[in-house]
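K.L.:
Sequences listed follow chains A and B, in order.
To convert a position in the first sequence, counted from 1, into my numbering, add 80.
To convert a position in the second sequence, counted from 1, into my numbering, add 80.
Ideal Cβ positions, reconstructed from N, Cα and C, are used throughout, including at glycine.
If you scroll down you'll find the structure; I have some questions about it.
2 protein chains.
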Amino acid sequence: MQNPLRQIPEAFADIISLQTYRKGQLLHRAGQRCHTLFLVKTGALRSFYLVEERDVTAHFALEYGLVGAVDSIMKGTSSRYSIEALEDSTVYELNYAELEGHLNRHPGQERLARQVTQLLYLDLVERLEGMTFLSARARYEHLLERYPGITQRVSLGHIASYLGITQETLSRVRRQG
Amino acid sequence: MQNPLRQIPEAFADIISLQTYRKGQLLHRAGQRCHTLFLVKTGALRSFYLVEERDVTAHFALEYGLVGAVDSIMKGTSSRYSIEALEDSTVYELNYAELEGHLNRHPGQERLARQVTQLLYLDLVERLEGMTFLSARARYEHLLERYPGITQRVSLGHIASYLGITQETLSRVRRQG
DNA sequence: CAAAGCTTTTGACCTGCGTCAAAAAAGTCA
DNA sequence: TGACTTTTTTGACGCAGGTCAAAAGCTTTG
Numbered sequence: 081m082q083n084p085l086r087q088i089p090e091a092f093a094d095i096i097s098l099q100t101y102r103k104g105q106l107l108h109r110a111g112q113r114c115h116t117l118f119l120v121k122t123g124a125l126r127s128f129y130l131v132e133e134r135d136v137t138a139h140f141a142l143e144y145g146l147v148g149a150v151d152s153i154m155k156g157t158s159s160r161y162s163i164e165a166l167e168d169s170t171v172y173e174l175n176y177a178e179l180e181g182h183l184n185r186h187p188g189q190e191r192l193a194r195q196v197t198q199l200l201y202l203d204l205v206e207r208l209e210g211m212t213f214l215s216a217r218a219r220y221e222h223l224l225e226r227y228p229g230i231t232q233r234v235s236l237g238h239i240a241s242y243l244g245i246t247q248e249t250l251s252r253v254r255r256q257g
Numbered sequence: 081m082q083n084p085l086r087q088i089p090e091a092f093a094d095i096i097s098l099q100t101y102r103k104g105q106l107l108h109r110a111g112q113r114c115h116t117l118f119l120v121k122t123g124a125l126r127s128f129y130l131v132e133e134r135d136v137t138a139h140f141a142l143e144y145g146l147v148g149a150v151d152s153i154m155k156g157t158s159s160r161y162s163i164e165a166l167e168d169s170t171v172y173e174l175n176y177a178e179l180e181g182h183l184n185r186h187p188g189q190e191r192l193a194r195q196v197t198q199l200l201y202l203d204l205v206e207r208l209e210g211m212t213f214l215s216a217r218a219r220y221e222h223l224l225e226r227y228p229g230i231t232q233r234v235s236l237g238h239i240a241s242y243l244g245i246t247q248e249t250l251s252r253v254r255r256q257g
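The structure is reproduced here in structure tokens:
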């Protein structure tokens, strides 16, 4: 199986639970600790944070995408991120401490954990490069390649903040295409 | 000891080697595979890649900073990055395959490996946020906080490309400060 | 130490994208 | 279905930062 994220539900079956959320519901609220990883089975989630009143999307997770309050999980502090359901969603949930216990008991799965981490890392590297020197239009086109059909599912404002541009600019970019 | 990167030389002593490089020397050339991680003992390194003739710095590593051709290491492909010594440097070198072997033999050190990965990840998250909505000046100030004294050691052009701005703009930003 | 490289600064000019404001369109619900 | 809310589009305008070109400083090396 190619995508390591798809192996998670089976590999960690004994410590994973499945929850459902309604559109608009928060899975986690900024300011609190959160040691849960969320893997989307169906639906769509996003994490976001506030910068001077402005809501900025940090990350999207569509089917078999992973989100979490990374800062809280990795540093043990309260998180700057909130996590929200963009659609009615069913979500696999995985507690990070339980995951570590599980990995101790099943060291053969360290490899999968590492693969997942690397995937997330490379993803970020790519995004960072895009933000470094791509125009608004090019960023948008990149996004469409990585998340085809996202425009039908996520509001323009959320996409714009994710791309680091204003919604007005994104609207104009889209109009011509 | 607070910084996991400082624990690497001891923890992986039996698979690490120490090399020296002269200013300007390449530790790795883009287009080739590279499965080595470089940890700076003294000196300074950077990784960079080309975008339309332009040399873009992807990452700096000063003392106890880590660089590698991440794409090659993680995907096993040839790398888009080159790695260069910015000063005469002494560098710990660690082969990724040997590291995996070592971790199998010493599972107690998986934890350290994971800590290091998380550190790198959070670093990127922070950089990404900075690129998303900070002005040229704010990006520069951020950099100075994270790498104090880097201006005395790295050329303006390299810093500018790392920040995603032109050297002219960086020069002007700096003049006023 | 002079000649040949680099690196940094300065200037003039231009443009992509941000801001503010308001209209238009689409979604939600009693 | 009509009233209200939210999302998207359109317009006018300004500015941060890009581009191009050239001068001024620094380094390196024979």
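Hey, out of A/173, A/118, A/134, whose CA is closest to residue 97 of chain A's CA?
P.N.:
That would be A/173, whose Cα lies nearest to the Cα of residue 97 of chain A.
K.L.:
Under 8 Å, with one C-beta from each stretch per pair, do the segment 128-139 of chain B and the segment 173-192 of chain B reach the 3-pair mark?
P.N.:
At 8 Å Cβ cutoff, the stretches do not touch.
K.L.:
Expressed to the nearest angstrom, what Euclidean distance is found between the alpha-carbon atoms of residue 221 of chain B and residue 248 of chain B?
P.N.:
Distance between the alpha carbons of residue 221 of chain B and residue 248 of chain B is about 16 Å.
K.L.:
List the residues that DSSP assigns as beta-bridge partners of residue 169 of chain B.
P.N.:
For residue 169 of chain B, which the question treats as bridged, DSSP gives the partners B/101.
K.L.:
Express the C-alpha separation of residue 233 of chain A and residue 144 of chain B in angstroms, rounding to a whole number.
P.N.:
Using only the alpha carbons, I get a separation of about 44 Å.
K.L.:
With a threshold of 8 Å between beta carbons, is residue 190 of chain B in contact with chain A?
P.N.:
Chain A contact via Cβ: present.
K.L.:
Among the candidates A/203, A/125, A/155, A/217, whose CA atom is the shortest distance from the CA of residue 154 of chain B?
P.N.:
The candidate whose alpha carbon is nearest that of residue 154 of chain B is A/203.
K.L.:
Do the segment 174-182 of chain A and the segment 120-134 of chain B meet, that is, are 3 or more Cβ pairs less than 8 Å apart?
P.N.:
Not touching, per the Cβ criterion.
K.L.:
DSSP three-state label for residue 214 of chain A, please.
P.N.:
Note: residue 214 of chain A maps to coil in three-state DSSP.
K.L.:
DSSP three-state label for residue 139 of chain B, please.
P.N.:
DSSP places residue 139 of chain B in strand when its eight states are reduced to three.
K.L.:
Look at the alpha carbon of residue 244 of chain B and the alpha carbon of residue 210 of chain B, and state the distance between them as a whole number of angstroms.
P.N.:
Cα to Cα, the separation comes out at about 11 Å.
K.L.:
With 8 Å as the threshold, decide whether the Cβ of residue 244 of chain A is near any Cβ in chain B.
P.N.:
It does: the Cβ of residue 244 of chain A has a partner Cβ on chain B nearer than 8 Å.
K.L.:
Can you tell me whether DSSP reads residue 184 of chain A as helix, strand or coil?
P.N.:
Here residue 184 of chain A sits in helix by DSSP.
K.L.:
With three or more beta-carbon pairs closer than 8 Å as the criterion, would you say the segment 95-115 of chain A touches the segment 222-229 of chain A?
P.N.:
No: fewer than three Cβ pairs fall under 8 Å.
K.L.:
Check the C-beta distance from residue 163 of chain A over to residue 108 of chain A and give it rounded, since I have them as a contact under 8 Å.
P.N.:
That pair is a contact at about 4 Å.
K.L.:
Report the neighbours of residue 151 of chain B on chain A: residues whose CB is nearer than 8 Å to its CB, in chain order.
P.N.:
Those within 8 Å of residue 151 of chain B in chain A are 202, 205.
K.L.:
Could you check which residue in B/235, B/216, B/230, B/242 has the C-alpha nearest to that of residue 256 of chain B?
P.N.:
If we check each option's Cα against that of residue 256 of chain B, B/216 comes out closest.
K.L.:
Could you pull out every residue in the same chain whose Cβ sits closer than 7 Å to the Cβ of residue 251 of chain A, ignoring the five residues on either side in sequence?
P.N.:
Closer than 7 Å at Cβ, skipping near neighbours: 236.
K.L.:
Which residue comes first and which comes last in the beta strand (DSSP E) that contains residue 126 of chain B?
P.N.:
Taken as a continuous stretch (DSSP letters only), the beta strand (DSSP E) holding residue 126 of chain B covers 125-131.
K.L.:
Taking a contact to mean a Cβ-Cβ separation below 8 Å, would you say residue 230 of chain B touches residue 118 of chain B in this structure?
P.N.:
Cβ atoms of residue 230 of chain B and residue 118 of chain B: not closer than 8 Å.
K.L.:
Taking Cβ positions, are residue 85 of chain A and residue 196 of chain A nearer each other than 8 Å?
P.N.:
Closer than 8 Å, so yes.
K.L.:
Select from B/120, B/167, B/208, B/102 the residue whose C-alpha is nearest the C-alpha of residue 147 of chain B.
P.N.:
For residue 147 of chain B, the nearest C-alpha among the options comes from B/120.
K.L.:
Take residue 165 of chain A as the anchor and find which of A/142, A/182, A/159 has the nearest alpha-carbon.
P.N.:
Among A/142, A/182, A/159, the Cα nearest to that of residue 165 of chain A is on A/142.
K.L.:
Rounded to the nearest angstrom, what separates residue 131 of chain B and residue 242 of chain A at their Cα positions?
P.N.:
Computed Cα separation, rounded: 23 Å.
K.L.:
DSSP three-state call for residue 109 of chain B: helix, strand or coil?
P.N.:
Coil, per DSSP.
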